[in-house]
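Taking it in order: structure first as structure tokens, then the write-up.
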Amino acid sequence: MFKINDNYLKLPGSYLFSTIGKKVAAFTAANPDKKIIRLGIGDVTLPLAPKIIETMHDAVDEMGNAATFKGYAPDLGYEFLRQAIVDNDFKARGADISIDEVFISDGAKSDSGNIGDIFAQDNKIAVCDPVYPVYVDTNAMSGRTGVYDELTQKWSNVIYMPCTADNNFAPEIPTETPDIIYLCFPNNPTGSTINKAELQKWVDYALKVGAVIIYDAAYEAYISEEDVPHTIYECNGAKACAIELRSFSKNAGFTGTRLGYAVVPKELKCGDVSLNSLWARRHGTKFNGAPYIIQKAGAAVYTEEGKKQTKEMVAYYMNNAKLIREGLASAGYTVSGGVNAPYIWLKTPDNMTSWEFFDYLLEKVNIVGTPGSGFGPSGEGYFRLTAFGSYENTLEAIERIKTL
Ligand SMILES: Cc1ncc(COP(=O)(O)O)c(C=O)c1O
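So for the sequence shown, my numbering puts the first residue at -16; every next one is plus one.
Have a look at this one:
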């Protein structure tokens, strides 16, 4: 008789966005005449930039020609893309990353979920609270998180690092020593960041206690302030303790196109074992590469036209972010984020719970946001709005909220 991985049964409820989707579907069915504005899920809305589309068309044509057709991609990804990544995302920032440390993938969600494959089950993880739920859920699936307590909404074997207004939404070094530390900056959902000196403290700490940092920089393109690091490898010693995850979803609108990469430096070792070679083994065995057409499109992001066009998209969303942040603040809400990230994090009014405020916004003004508690227990009493909508919808949403 076969047995299932019963760690899945320990997972609470359904994935956050499935629950939201069901609630919105039920509301729409009951109120078909209402125009709902979605500022909930972190999905982009602008179409792909012209340079990217043009490059994809060319790559499609190459696939239709025997002389230029491509089959399986190289294990780590095409060199043209990895070289563009190294030059633009790392060398240009003074970070010495080589192309055999870059692994092309189909996105940062898969990488953040799959990276656990190369770590033993008895590692203890530490996560920012609140944070992107995938880190905790995927560790729960592999049996690393202990038992879930419905009351506290915490796993027994996870170190939660609260990020609240008290610490300016920046995690503090935990009292209990973790083995794997997940850091996500700019942060989803709070939109907060830390400066280079603060990130250096995490690197120094990881090196001291022998921990590894999984650094998710999916929102790097939204950094607008000077002192905020764009990659963890700007910090001294990071190559010996950190893996960085990147995505093309938010900087270039690839949420539906799918492309990302992981950096696993060769210096990063557990005893004599290099994590780079473990990840190469895992990648080569379980993944057959992102499509050639998409990798070509990814390389187009780094061309002069690609950079200009994608920067304009980021600026469009950040203008929405400003609109939301300033609009809500003028309506009396306590808001943060939205400066180095496309997320605005607001305190729910009148001590409403996050889900109460979700229902309230949906029913009263037909706006969908994301309850902060879905990102961790310290997100209770908060709410996330995204800047990824259209300008017109964002404007209308803020006008509607102001009527409350
Ligand atoms: C912090 C963070 N990491 C990763 C992802 C997923 O990125 P991708 O689309 O590359 O899988 C998201 C998506 O919302 C995210 O918020």
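Yeah, the Cβ is synthetic: ideal placement off N, Cα and C, and Gly gets one too.
Quiz item: Among Glu287, Tyr326 and Met296, which has the Cα closest to the Cα of Ala304?
Solution: Start at 1 with the first residue of the sequence shown, and residue 304 comes out as number 321. Out of Glu287, Tyr326 and Met296, Tyr326 has the C-alpha closest to the C-alpha of Ala304.
Exercise. For Gln278, count neighbouring Cβ atoms within 10 angstroms of its own Cβ and tell me buried if that reaches 16, exposed if not.
Key: Position 295 of the sequence shown, counted from the first residue, corresponds to residue 278. Result: buried.
Practice problem: Report yes if the CB atom of Ser319 is closer than 7 Å to the CB atom of Pro113, and no otherwise. | Solution: Looking up residue 319 in the sequence shown gives position 336. Looking up residue 113 in the sequence shown gives position 130. Their beta carbons are not under 7 Å apart, which means Ser319 does not touch Pro113 by this criterion.
Practice problem: Please check if any C-beta of chain D sits within less than 7 Å of the C-beta of Thr331. | Solution: The structure shown contains no chain D; it is built from a single protein chain.
Quiz item: So does Cys167 have its beta carbon nearer than 6 Å to some heavy atom of ligand 1?
Solution: To locate residue 167, count along the sequence shown from 1; it is residue 184. Indeed, a heavy atom of ligand 1 lies less than 6 Å from the Cβ.
Practice problem: Express the C-alpha separation of Ile196 and Ile156 in angstroms, rounding to a whole number. | Solution: For the purposes of this step, residue 156 is taken as residue 173 along the sequence shown, with counting starting at 1. For the purposes of this step, residue 196 is taken as residue 213 along the sequence shown, with counting starting at 1. C-alpha separation (whole angstroms): 13 Å.
Quiz item: How about Tyr55: is its Cβ closer than 6 Å to a heavy atom in ligand 1?
Solution: As a first step, residue 55 must be located in the sequence shown, where it is residue number 72. No, since every heavy atom of ligand 1 falls outside the 6 Å radius drawn around the Cβ of Tyr55.
Practice problem: Return yes when at least one heavy atom of ligand 1 lies under 6 Å from the C-beta of Lys92, else no. | Solution: Position 109 of the sequence shown, counted from the first residue, corresponds to residue 92. Answer for Lys92: yes, Cβ within range of ligand 1.
Exercise. Report whether the distance from the Cβ of Gly25 to the nearest heavy atom of ligand 1 is below 6 Å.
Key: In the sequence shown, the residue the question calls residue 25 occupies position 42. Yes, since a heavy atom of ligand 1 falls inside the 6 Å radius drawn around the Cβ of Gly25.
Exercise. Just mark Ala282 as buried or exposed, buried being the case when its beta carbon has 16 or more other beta carbons within 10 Å.
Key: Counting from 1 along the sequence shown, the entry for residue 282 is found at position 299. Buried, because 16 or more other Cβ atoms sit within 10 Å of the Cβ of Ala282.
Quiz prompt | Classification of Met(-16) by the beta-carbon crowding that lies within 10 angstroms, buried from 16 upward | solution = As a working mapping, residue -16 is identified with position 1 in the sequence shown. Exposed is the call here.
Practice problem: Locate the alpha helix (DSSP H) running through Ser93, then write down its first and last residues. | Solution: What you label residue 93 is simply residue 110 of the sequence shown in a count that begins at 1. Unbroken alpha helix (DSSP H) run through Ser93: Ala91 to Asn97.
Quiz prompt | Within the stretch 77 to 161, ranges of the alpha helix (DSSP H) (whole runs, at least 4 residues) | solution = 91 to 97 and 117 to 124
Quiz item: Given that a residue counts as buried once 16 or more other Cβ atoms are within 10 Å of its Cβ, and exposed if not, what is Ala49?
Solution: Counting from 1 along the sequence shown, the entry for residue 49 is found at position 66. Result: exposed.
Quiz item: Would you say the stretch 258 to 270 touches the stretch 49 to 65, given that touching needs at least three Cβ pairs under 8 Å?
Solution: yes
Quiz prompt | Counted within 10 angstroms of its Cβ, other Cβ atoms place Asn171 as buried (16 or more) or exposed | solution = Residue 171 sits at position 188 when you count from the first residue of the sequence shown. Asn171 should be labelled buried.
Quiz item: Hey, Tyr244 and Val27: beta-carbon distance below 7 Å or not?
Solution: In the sequence shown, counting from the first residue as 1, residue 244 sits at position 261. In the sequence shown, counting from the first residue as 1, residue 27 sits at position 44. Going by C-beta atoms, Tyr244 is not nearer than 7 Å to Val27.
Quiz prompt | Same chain, Cβ closer than 8 Å to Leu190, five either side skipped, listed in chain order | solution = Taking the first residue of the sequence shown as 1, we reach residue 190 at position 207. Here the set comprises Gly220, Ala223 and Cys224.
Exercise. Just list the alpha helix (DSSP H) runs in the stretch 174 to 206, keeping only unbroken ones of 4 residues or longer that don't cross its boundaries, in chain order.
Key: 179 to 192
Exercise. Decide if Gly174 is buried, meaning its Cβ has at least 16 other Cβ atoms within 10 Å, or exposed.
Key: As a position in the sequence shown, residue 174 is number 191, starting the count at 1. Looking at its Cβ environment, which holds 16 or more other Cβ atoms inside 10 Å, Gly174 is buried.
Quiz item: Residues in its own chain within less than 6 Å of Pro(-5) by CB, not counting five upstream and five downstream?
Solution: In the sequence shown, residue -5 corresponds to position 12, counting from 1. Answer for Pro(-5): Tyr131, listed in chain order.
Quiz item: What is the DSSP secondary structure of Ser373, reduced to helix, strand or coil?
Solution: Reading the sequence shown from its first residue, position 390 is the one you call residue 373. Three-state result, Ser373: coil.
Quiz item: Would you call Glu227 buried or exposed, if buried means 16 or more other Cβ atoms sit within 10 Å of its Cβ?
Solution: Residue 227 sits at position 244 when you count from the first residue of the sequence shown. Result: buried.
Quiz item: Can we say the stretch 115 to 123 touches the stretch 84 to 100, given the rule of at least three CB pairs closer than 8 Å?
Solution: Yes, since at least three Cβ pairs between the stretch 115 to 123 and the stretch 84 to 100 fall closer than 8 Å, the two stretches touch.
Quiz item: Should Gly99 be counted as a contact of ligand 1 given a C-beta to heavy atom distance under 6 Å?
Solution: As a working mapping, residue 99 is identified with position 116 in the sequence shown. Answer for Gly99: no, Cβ out of range of ligand 1.
Self-check item: Those runs of the beta strand (DSSP E) which lie wholly inside the stretch 297 to 356 and span at least 3 residues
Solution: Taking only runs of at least 3 residues, the beta strand (DSSP E) segments lying wholly in the stretch 297 to 356 are 318 to 320 and 326 to 330.
Quiz prompt | Tyr(-9) Cβ short of 6 Å to ligand 1 heavy atom set | solution = Position 8 of the sequence shown, counted from the start, is the residue given in the question as residue -9. Result no, Cβ not under 6 Å from ligand 1.
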